[in-house]
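K.L.:
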Amino acid sequence: MVVEERVEGRPTLVVAALTSPERVSEVWPGLLDEVWALLRSAGVVSGCRNVMLYRDTVAGLHIEVGVLAPGGVRPSGRVVASGLPAGPVATTVHRGPYTGLGAAHRALGTWCRAAGRQPAGSRWEVYGPHRDDPAQLSVEVSWLLADVPG
Numbered sequence: 001m002v003v004e005e006r007v008e009g010r011p012t013l014v015v016a017a018l019t020s021p022e023r024v025s026e027v028w029p030g031l032l033d034e035v036w037a038l039l040r041s042a043g044v045v046s047g048c049r050n051v052m053l054y055r056d057t058v059a060g061l062h063i064e065v066g067v068l069a070p071g072g073v074r075p076s077g078r079v080v081a082s083g084l085p086a087g088p089v090a091t092t093v094h095r096g097p098y099t100g101l102g103a104a105h106r107a108l109g110t111w112c113r114a115a116g117r118q119p120a121g122s123r124w125e126v127y128g129p130h131r132d133d134p135a136q137l138s139v140e141v142s143w144l145l146a147d148v149p150g
């Protein structure tokens with residue numbers, strides 16, 4: 001099921017990188033480790049939902065990997081303050097092992113074509129809360145949509 005709604009931006013703490021779609025699975029763990037090292041140094045050991053934001057650029061795939069920002073943690077080093085975009089979005093929820101996330105993105109693409117909506121370039125995933133059982137995993141997958149004139 002896809003839901004279309006207008007959302008507010010959400011602050012994040014992330015490490016950004018330029019990569020290719022084929023290399024995302026190699027790159028993201030190290031980026032997320034940097035963010036969690038900063039969180040642990042600030043006394044935060046749990047309770048933050050992980051995020052991954054993607055933007056296609058001429059130079060490659062821009063990714064931001066991190067967490068929805070908890071209050072009171074200041075960016076440091078390569079960890080910067082950023083945010084998930086505000087605006088109209090199409091969202092679906094993937095449940096189960098992460099290997100199925102591609103199907104959620106394909107479903108959003110199919111929905112956009114059927115609804116006559118144009119993606120606006122940014123897409124993201126908000127993970128969690130964490131579960132040890134892969135069958136219990138949940139990820140919100142969202143695509144920013146172009147505003148409809150009028």
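Per the UniProt record's numbering, the very first residue in the sequence shown carries number 1; after that it's consecutive. Glycine residues also receive a C-beta, built at the ideal position from the N, C-alpha and C atoms.
1) Could you please give me the residues that DSSP links to residue 46 through a beta bridge?
2) Using the Cβ count rule (16 or more neighbours within 10 Å means buried), how would you classify residue 114?
3) So, using beta-carbon positions, are residue 92 and residue 69 closer together than 8 Å?
4) With burial defined as no fewer than 16 other Cβ atoms inside 10 Å of the residue's Cβ, what is the status of residue 64: buried or exposed?
5) Label residue 12 either buried or exposed according to how many other C-beta atoms from any shown protein chain fall within 10 Å of its C-beta, with 16 as the threshold for buried.
6) Specify the secondary structure class of residue 164 as computed by DSSP and reduced to three states.
7) Beta-carbon within less than 7 Å of residue 86's beta-carbon, same chain only, minus the 5 sequence neighbours each way: which residues are those?
8) Answer yes if the stretch 29 to 48 comes into contact with the stretch 89 to 103, meaning at least three C-beta pairs across the two stretches below 8 Å, and no otherwise.
9) Which residue's Cα is closest to the Cα of residue 80: 43, 145, 17, 141?
10) Could you spell out where the alpha helix (DSSP H) holding residue 25 opens and where it closes?
11) Starting from the Cα of residue 72, find the closest Cα among 124, 90, 24, 48 and give me that residue.
P.N.:
Looking at the coordinates:
1) Bridge partners of residue 46: none, in fact.
2) exposed
3) no
4) buried
5) Buried, because 16 or more other Cβ atoms sit within 10 Å of the Cβ of residue 12.
6) The first residue shown for the chain is 1 and the last is 150, placing residue 164 beyond what the model contains.
7) 7, 8, 9
8) no
9) It is 17 whose Cα lies nearest to the Cα of residue 80.
10) 24 to 41 is the extent of the alpha helix (DSSP H) around residue 25.
11) 48
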